[in-house]
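Enquirer:
There are 2 protein chains.
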Amino acid sequence: MLALPRKPRFERQLPQERRRALIEAAIECLKRHGHEGLSIRRISAQAKVSVGLINHHFPGKDGLIAAAYRHFNSDLVGGLRSAVARAADSPRARIRAFLEASFSRPNLDQDVLAVWVVFWGLYRHSREIQGVHQETYQGYVELLRGLLGELAPGPGRPRFNLRLAAIGLAALLDGLWLEWCLDPGNFQPQEAVALCESWVDSLCERQS
Amino acid sequence: MLALPRKPRFERQLPQERRRALIEAAIECLKRHGHEGLSIRRISAQAKVSVGLINHHFPGKDGLIAAAYRHFNSDLVGGLRSAVARAADSPRARIRAFLEASFSRPNLDQDVLAVWVVFWGLYRHSREIQGVHQETYQGYVELLRGLLGELAPGPGRPRFNLRLAAIGLAALLDGLWLEWCLDPGNFQPQEAVALCESWVDSLCERQS
DNA sequence: GCCGTTGTTGTACGATCGTTCAACAACGGC
DNA sequence: GCCGTTGTTGAACGATCGTACAACAACGGC
Chain V
6 MLALPRKPRF ERQLPQERRR ALIEAAIECL KRHGHEGLSI RRISAQAKVS
56 VGLINHHFPG KDGLIAAAYR HFNSDLVGGL RSAVARAADS PRARIRAFLE
106 ASFSRPNLDQ DVLAVWVVFW GLYRHSREIQ GVHQETYQGY VELLRGLLGE
156 LAPGPGRPRF NLRLAAIGLA ALLDGLWLEW CLDPGNFQPQ EAVALCESWV
206 DSLCERQS
Chain G
6 MLALPRKPRF ERQLPQERRR ALIEAAIECL KRHGHEGLSI RRISAQAKVS
56 VGLINHHFPG KDGLIAAAYR HFNSDLVGGL RSAVARAADS PRARIRAFLE
106 ASFSRPNLDQ DVLAVWVVFW GLYRHSREIQ GVHQETYQGY VELLRGLLGE
156 LAPGPGRPRF NLRLAAIGLA ALLDGLWLEW CLDPGNFQPQ EAVALCESWV
206 DSLCERQS
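Each protein sequence line maps, in turn, to chains V and G. Just so we're aligned, residue 6 is where the first sequence starts under our numbering, counting upward by one. Just so we're aligned, residue 6 is where the second sequence starts under our numbering, counting upward by one.
Laid out in structure tokens, this is it:
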């Protein structure tokens, strides 16, 4: 009887790698099936592992979802941060880079917004999601506020209200993002960038 | 044996009234339990009827949800429309009324946004929800565009781009609404109104 | 007071959910 | 080559899901 080299029935992986694979499978399921994609069995099938494995690497389904939310958030902020870092060293150029990264792939994608929306829907009733939001949203706000803080007000104009300016720009950006994803035919991404830039323009020209 | 006057075991209602009660129960469940509130059994319990009744008055669970979405949408648009109608007969006063209605009860409510977010989460994967969105969102956009169309541009300025102006204002409004509901401590509703008004101001002062 | 209409009830069913856990097996250390 | 560690499997469980349907009963018409 020859000892034929059998293909192993499965492959052991380092916990950190398996966790990452499970997180990415969860996000993929979310894109494909929306809220209904958030099921242990769907995610297991997507990751090509058995149903029991998720509870071995995460405290439970909610733990995996929270981890996926953290991953998704830091991907966004990290992508924006590096887009800004690649830009020319002028405040306006950096803001422009931030806006163009916001209104292009991979962020500007109907699937991506669908994922966000499901997470937001969980926010109110999940302490874990709330915690992750606190962790990561601050990074986003600080990035945006930092960019606006570099701007100089127009000559003879008072320094604009940085807090309100950041709130408003974030809102305009999120709103345009939302609108585009709900109906991509309504306007061009370039137009969204232009609208945001004219908001920034008017910051230096008016009293707020 | 006396024929004691028994209390009827249930009360028959006109289909339209029962349907309305079920829709309101569904929305209440959505506010209370988020996406998990969208279950036949929870909604039945909330409406104090049996589980079978929903399928008698609606084609199914999805039918009820679509009807609830339609109800929720037209409540919003109707409320805004009547707020505008109550305002003074000046373009700016009408816009102000629209904004103040947007940033006050019952629209500005964490529960209400939670309901919207669940509906948005269903949007991508439900033809019915998409259909209702088409029906009702147009009314909202037309209301907003009508208000902006009444505005006169500043002296010597070209008429602003009405389409982009409406898109931008809607985005700013939605974004502020979202931000406030996610973190009500971040800014005051009055500040949101002010931000939107300064957007409208700048429409008449700049070329876009 | 009886009857037909139909709004309403509640059980039953099969599917799917999240979690548990005993058994299995891949891989590193010796 | 054996062994211990532990990543992995998959069946099993009870809970809950949406729907179907037969039986019930409230109410209006006569």
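For glycine and all other residues, C-beta sits at the position ideal for the given N, C-alpha and C. Computed from a predicted model, the values in this text were never measured in an experiment.
Using C-beta distances below 6 Å, list every residue in its chain close to residue 96 of chain V, excluding the 5 sequence neighbours before and after it, in chain order.
Expert: The residue given as residue 96 of chain V occupies position 91 in the first sequence. For residue 96 of chain V, where only same-chain residues beyond five positions count, the Cβ hits under 6 Å are 155, 156.
Enquirer: Check distances from the C-beta atoms of the stretch 134-152 of chain V to those of chain G and list, in chain order, the residues that come in under 7 Å.
Expert: From the stretch 134-152 of chain V, no residue has a Cβ closer than 7 Å to chain G.
Enquirer: With a threshold of 16 other CB atoms inside 10 Å of the CB of residue 93 of chain V, please say whether the residue is buried or exposed.
Expert: Looking up residue 93 of chain V in the first sequence gives position 88. Exposed, because fewer than 16 other Cβ atoms sit within 10 Å of the Cβ of residue 93 of chain V.
Enquirer: Which same chain residues, not among the five before or five after residue 181 of chain G, have their C-beta less than 6 Å away from its C-beta?
Expert: Residue mapping note: residue 181 of chain G aligns to position 176 of the second sequence, counting from 1. The answer, listed in chain order, is 197.
Enquirer: Quick check on residue 206 of chain V: does DSSP put it in helix, strand or coil?
Expert: Translated into positions along the first sequence, residue 206 of chain V becomes position 201. It is helical.
Enquirer: I need the boundaries of the alpha helix (DSSP H) containing residue 38 of chain G, first residue and last residue.
Expert: Mapped onto the second sequence, residue 38 of chain G falls at position 33. Looking at the DSSP string, the run of the alpha helix (DSSP H) that includes residue 38 of chain G is 20-38.
Enquirer: Does the CB of residue 132 of chain G have a neighbour CB from chain V at under 7 Å?
Expert: On the second sequence, residue 132 of chain G is found 127 positions in, with the first residue counted as 1. Not closer than 7 Å to any Cβ of chain V, the Cβ of residue 132 of chain G fails to qualify, so no.
Enquirer: When the Cα atoms are used, what is the spatial distance from residue 149 of chain V to residue 71 of chain V?
Expert: In the first sequence, counting from the first residue as 1, residue 149 of chain V sits at position 144. In the first sequence, counting from the first residue as 1, residue 71 of chain V sits at position 66. Straight-line Cα distance between these residues: approximately 24 Å.
Enquirer: Where does residue 14 of chain V sit, in a helix, a strand or coil, going by DSSP?
Expert: If you number the first sequence from 1, residue 14 of chain V lands on position 9. Three-state DSSP puts residue 14 of chain V in coil, outside helix and strand.
Enquirer: Mind listing, in chain order, the continuous beta strand (DSSP E) runs of no fewer than 3 residues lying wholly within the stretch 104-191 of chain G?
Expert: Complete beta strand (DSSP E) runs here, min 3: none at all.
Enquirer: Beta carbon of residue 99 of chain V: closer than 6 Å to some heavy atom of the ligand ATP?
Expert: For the structure depicted, the ligand ATP is absent and the ligand set is empty, with no information on it obtainable.
Enquirer: Verify the CB distance criterion: does residue 125 of chain G have a CB-CB separation below 7 Å to chain V?
Expert: Stepping through the second sequence from its first residue, residue 125 of chain G is reached at position 120. Judged by the 7 Å Cβ criterion, residue 125 of chain G is in contact with chain V.
Enquirer: Just to check my reading of the structure: residue 107 of chain G and residue 178 of chain G have Cβ atoms closer than 8 Å, yes? What is that Cβ distance to the nearest angstrom?
Expert: Taking the second sequence and counting its residues from 1, one reaches residue 107 of chain G at position 102. Taking the second sequence and counting its residues from 1, one reaches residue 178 of chain G at position 173. Yes, they are in contact, since the Cβ atoms of residue 107 of chain G and residue 178 of chain G sit about 6 Å apart, within 8 Å.
Enquirer: Can you list the alpha helix (DSSP H) stretches of 4 or more residues lying completely in the stretch 41-112 of chain V, in chain order?
Expert: Listed in chain order, they are 45-52, 59-62, 66-91, 96-107.
Enquirer: Excluding five sequence neighbours on each side, which residues of the same chain lie with their C-beta closer than 7 Å to the C-beta of residue 134 of chain V?
Expert: One-based indexing of the first sequence puts residue 134 of chain V at position 129. The answer, listed in chain order, is 71, 74, 124, 127, 128.
Enquirer: Looking at residue 118 of chain V and residue 103 of chain V, is the spacing between their C-beta atoms short of 7 Å?
Expert: By one-based count along the first sequence, residue 103 of chain V stands at place 98. By one-based count along the first sequence, residue 118 of chain V stands at place 113. The answer is no: Cβ separation not under 7 Å.
Enquirer: For chain V, find out if any of its Cβ atoms is closer than 7 Å to the Cβ of residue 180 of chain G; answer yes or no.
Expert: By 1-based counting over the second sequence, the position of residue 180 of chain G is 175. Closer than 7 Å to some Cβ of chain V, the Cβ of residue 180 of chain G qualifies, so yes.
Enquirer: Scan the stretch 27-47 of chain V for residues whose Cβ lies nearer than 8 Å to a Cβ of chain G and list them as they occur along the chain.
Expert: Flagged, chain order: 38, 39, 40, 41.
Enquirer: Which residue from G/120, G/131, G/26 puts its Cα closest to that of residue 59 of chain G?
Expert: What you label residue 59 of chain G is simply residue 54 of the second sequence in a count that begins at 1. Ranking the options by Cα distance to residue 59 of chain G, first place goes to G/26.
Enquirer: Can you give me the Cβ contacts of residue 32 of chain G inside the same chain, cut-off strictly under 8 Å, excluding the 5 residues immediately before and after it?
Expert: Position 27 of the second sequence, counted from the first residue, corresponds to residue 32 of chain G. The answer, listed in chain order, is 73, 76, 77, 120.
Enquirer: Using a Cβ-Cβ distance under 7 Å, would residue 107 of chain G count as near chain V?
Expert: In the second sequence, the residue the question calls residue 107 of chain G occupies position 102. It does not: the Cβ of residue 107 of chain G has no partner Cβ on chain V nearer than 7 Å.
Enquirer: Indicate whether residue 45 of chain G and residue 30 of chain G have their beta-carbon atoms separated by less than 7 Å.
Expert: Your numbering for residue 45 of chain G matches position 40 in the second sequence. Your numbering for residue 30 of chain G matches position 25 in the second sequence. Not in contact: residue 45 of chain G and residue 30 of chain G (Cβ atoms no closer than 7 Å).
Enquirer: Could you work out which residues of chain G lie near residue 122 of chain V, taking near to mean beta carbons separated by less than 7 Å?
Expert: Taking the first residue of the first sequence as position 1, residue 122 of chain V is located at position 117. Within 7 Å Cβ-Cβ: 122, 125, 126.
Enquirer: Applying the 10 Å Cβ sphere with the 16-neighbour rule, what's the burial state of residue 98 of chain G?
Expert: Sequence index remark: in the second sequence, residue 98 of chain G carries index 93 (1-based). Residue 98 of chain G comes out exposed.
Enquirer: How close, in whole Å, do the beta carbons of residue 174 of chain V and residue 153 of chain V come, if the pair is a contact with beta carbons under 8 Å?
Expert: Walking along the first sequence from the start, residue 174 of chain V turns up at place 169. Walking along the first sequence from the start, residue 153 of chain V turns up at place 148. At roughly 7 Å, the Cβ-Cβ gap stays under 8 Å, so residue 174 of chain V and residue 153 of chain V are in contact.
Enquirer: Are the beta-carbon atoms of residue 51 of chain V and residue 34 of chain V separated by less than 7 Å?
Expert: In the first sequence, the residue the question calls residue 51 of chain V occupies position 46. In the first sequence, the residue the question calls residue 34 of chain V occupies position 29. Yes, they are a contact pair.
Enquirer: Is residue 193 of chain G helix, strand or coil by DSSP?
Expert: For the purposes of this step, residue 193 of chain G is identified with residue 188 of the second sequence, where counting begins at 1. Three-state DSSP puts residue 193 of chain G in coil, outside helix and strand.
Enquirer: Compare the C-beta of residue 69 of chain V against all C-beta atoms of chain G and say whether one is closer than 7 Å.
Expert: Reading the first sequence from its first residue, position 64 is the one you call residue 69 of chain V. Residue 69 of chain V does not count as touching chain G.
Enquirer: Could you tell me which chain G residues have their CB closer than 8 Å to the CB of residue 196 of chain V, listed as they occur along the chain?
Expert: By one-based count along the first sequence, residue 196 of chain V stands at place 191. Residues of chain G passing the Cβ test: 169, 172.
Enquirer: Is the Cβ of residue 165 of chain V closer than 7 Å to any Cβ of chain G?
Expert: Here residue 165 of chain V is taken as the residue at index 160 of the first sequence, counted from 1. Output row for residue 165 of chain V: interface = no.
Enquirer: Is there a Cβ of chain V sitting closer than 7 Å to that of residue 176 of chain G, yes or no?
Expert: Within the second sequence, numbered from 1, the residue matching residue 176 of chain G stands at position 171. By this cut-off, residue 176 of chain G is an interface position.
Enquirer: Going straight from the alpha carbon of residue 136 of chain V to that of residue 112 of chain V, what length do you get?
Expert: Looking up residue 136 of chain V in the first sequence gives position 131. Looking up residue 112 of chain V in the first sequence gives position 107. Going by the C-alpha atoms only, they are around 23 Å apart.
Enquirer: Of the choices G/56, G/202, G/195, G/158, whose alpha-carbon is the least far from that of residue 100 of chain G?
Expert: The residue labelled residue 100 of chain G in the question sits at position 95 within the second sequence. Ranking G/56, G/202, G/195, G/158 by Cα distance to residue 100 of chain G puts G/202 first.
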